[in-house]
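For reference, the structure discussed in these notes is given below.
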Amino acid sequence: QAVASKLDLPDDLVGYFSLFLVRQTKDGAFSFVRKLQEFELPYVSVTSLHNPEFQIILRKSYWDSAYDDDVMEHRVGLNLLYAQTVSDIEHGWILVNKEQHRQLKSLQEKVSKKEFIRLAQTLKYYGYLKFDPCVTDFPEKGCHVVVSAGNNELNFQVRLPNEQIKEGSFKVTRMRCWRVTSSVPMSNGPAGSSPGKSEVKLELAFEYLMSKDRLQWVTITSPQAIMLSICLQSMVDELMVKKSGGSIRKMFRRRVNGALRRSDSQQAVKSPPLLDSPDASWEPMAKLSSKLTSVSLRGISHSSSANDVGANDFHGNYAFEGIGDEDL
């Protein structure tokens with residue numbers, strides 16, 4: 451709110467934006483560390499790290515580009531959205547061919563900001579957050595992947611062991627649940643000795659509906675796993691508000707005022723969710739096929755099973771939708 455006040459951003463648009471802690475590299479690129487919470491003091495959060503590479507940036511916090519219209523109604527909102535779009539194109543987050551680049555350059559020279567954004571909305575990966583290269587167990591263990599979050603999905607660009615690049619997407623509405631886990635390597639020294647500077651390994655695992663009766667765990671090993679989880683939850687919140695016919699402006703206003711409860715985004719659910727409290731004795735595997743038949747990664751035909759995970763710390767997905775054979 452303090453930043454919005456300095457920028458003269460209207461109160462109605464404050465909730466459409468959030469502050470993010472990022473780490474900038476020498477080549478000018480930056481990676482997301484996390485989204486700042488409402489109770490945090492941004493200055494304290496960044497200065498306590500004692501590293502000039504860490505910075506705080508302001509970005510839009512919604513996923514549906516239809517809400518761009520709300521933001522562009524006001525001069526400051528338009529300028530913020532325009533600056534973010536230009537930055538994403540310059541960093542290569544939004545894919546642009548030569549002809550599109552020429553058109554964008556022309557609009558930029560004319561200072562036609564709305565038209566610039568309208569054209570950018572038609573481009574691949576507009577509105578996505580791009581994460582650092584990491585590792586996944588899909589379609590097989592040890593695959594290197596670049597994950598982007600946007601358009602209610604996680605997009606994978608996977609490098610296979612044979613150096614082939616495959617691309618595909620996992621829709622958030624087909625994720626039954628997900629969880630983040632952390633682990634620290636065991637020390638080889640004697641008991642009681644200092645563990646040294648062991649790095650914490652973070653993993654995001656989500657259970658995905660691959661076909662009508664087949665669920666499969668997919669795991670991403672990344673220092674940005676928590677940020678990925680936050681992205682998934684905010685997508686679900688946004689979907690549920692839309693599904694209930696609620697006002698996105700009101701949801702953002704409650705978020706700014708610190709009053710957004712999980713129930714606000716789940717009010718549209720008329721029946722119990724598929725997953726309330728995962729049970730280790732749950733037995734869906736009887737119907738599961740051993741063959742990968744409906745995976746969105748094109749050209750991939752095999753996947754190893756994800757590691758078993760416990761029943762705690764799950765994020766049940768209230769936006770989860772079953773699919774029929776006609777959807778495959």
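Okay, so the sequence shown: first residue is 451 according to the numbering used here, each after it adds one.
Backbone N, C-alpha and C define an ideal beta-carbon position, used for all residues, glycine too.
Computed from a prediction, not measured in an experiment: that's the story for all the values here.
Pairwise C-alpha distance: residue j and residue i
i, j, result
"Glu617", "Asp663", "24 Å"
"Thr671", "Arg609", "15 Å"
"Lys555", "Ile615", "30 Å"
"Val521", "Lys510", "9 Å"
"Val634", "Glu653", "12 Å"
"Val650", "Glu559", "47 Å"
"Pro583", "Tyr466", "28 Å"
"Val595", "Trp513", "22 Å"
"Ser455", "Pro589", "47 Å"
"Lys720", "His551", "Any reading at Lys720 is ruled out, since the residue's pLDDT is 33, under 50, leaving its predicted position unreliable."
"Tyr658", "Leu499", "36 Å"
"Ala655", "Asp687", "19 Å"
"Leu665", "Phe606", "18 Å"
"Asn612", "Ile676", "30 Å"
"Met660", "Ser632", "26 Å"
"Ala452", "Leu463", "13 Å"
"Leu678", "Asp477", "24 Å"
"Thr475", "Gln674", "16 Å"
"Val585", "Asn501", "27 Å"
"Ile539", "Leu557", "14 Å"
"Cys593", "Arg624", "22 Å"
"Gln553", "Met701", "36 Å"
"Asp519", "Lys591", "42 Å"
"Glu549", "Ile506", "33 Å"
"Thr743", "Gln683", "Residue placement at Thr743 cannot be trusted, given a pLDDT of 30 that sits under 50; what the coordinates show is reported in the next sentence. Thr743 and Gln683: Cα-Cα distance of roughly 27 Å."
Under 8 Å between C-beta atoms of residue i and residue j
i, j, result
"Leu508", "Leu530", "yes"
"Ser537", "Gly577", "no"
"Thr535", "Ala479", "no"
"Ile698", "Tyr575", "no"
"Val496", "Phe489", "no"
"Val494", "Asp587", "no"
"Val561", "Asp458", "no"
Nearest-angstrom beta carbon gap, residue j and residue i [assumed within contact, 8 Å]
i, j, result
"Glu603", "Phe581", "Actually they do not touch by this definition, with Cβ atoms about 13 Å apart."
"Met685", "Val622", "5 Å"
"Pro460", "His541", "About 28 Å separates the two Cβ atoms, so there is no contact after all."
"Cys681", "Leu573", "Going by Cβ atoms, the distance from Cys681 to Leu573 rounds to 20 Å, so no, they are not a contact pair."
Unbroken beta strand (DSSP E) run spanning residue i, endpoints
i, result
"Asn501", "No beta strand (DSSP E) holds Asn501; DSSP gives it neither H nor E."
"Gln666", "664 to 671"
"Gln674", "Careful: Gln674 lies outside any beta strand (DSSP E) and carries neither H nor E."
"Ser633", "625 to 633"
"Ala655", "651 to 661"
"Glu617", "615 to 621"
"Val483", "480 to 485"
"Ala599", "593 to 600"
"Leu604", "603 to 609"
"Leu471", "467 to 474"
Unbroken alpha helix (DSSP H) run spanning residue i, endpoints
i, result
"Asn529", "525 to 540"
"Ala454", "452 to 457"
"Glu559", "548 to 559"
"Phe581", "Here Phe581 belongs to no alpha helix (DSSP H), and DSSP marks it neither H nor E."
"Asp566", "The sequence as given places Phe at residue 566; Asp does not occur at that position. From DSSP, the alpha helix (DSSP H) with Phe566 extends over 563 to 571."
"Leu491", "Leu491 -> no alpha helix (DSSP H), and no H or E assigned at all."
"Asp461", "461 to 464"
"Asp518", "518 to 522"
Segment contact flag, the stretch 519 to 530 with the stretch 545 to 558, C-beta cutoff 8 Å, min 3 pairs: no
Any 3 or more C-beta pairs closer than 8 Å across the stretch 551 to 571 and the stretch 586 to 600: no
Touching by the beta-carbon criterion (3+ pairs, under 8 Å), the stretch 628 to 636 and the stretch 686 to 696: no
Inter-stretch contact at 8 Å, needing at least 3 Cβ pairs: the stretch 463 to 471 / the stretch 479 to 488: yes
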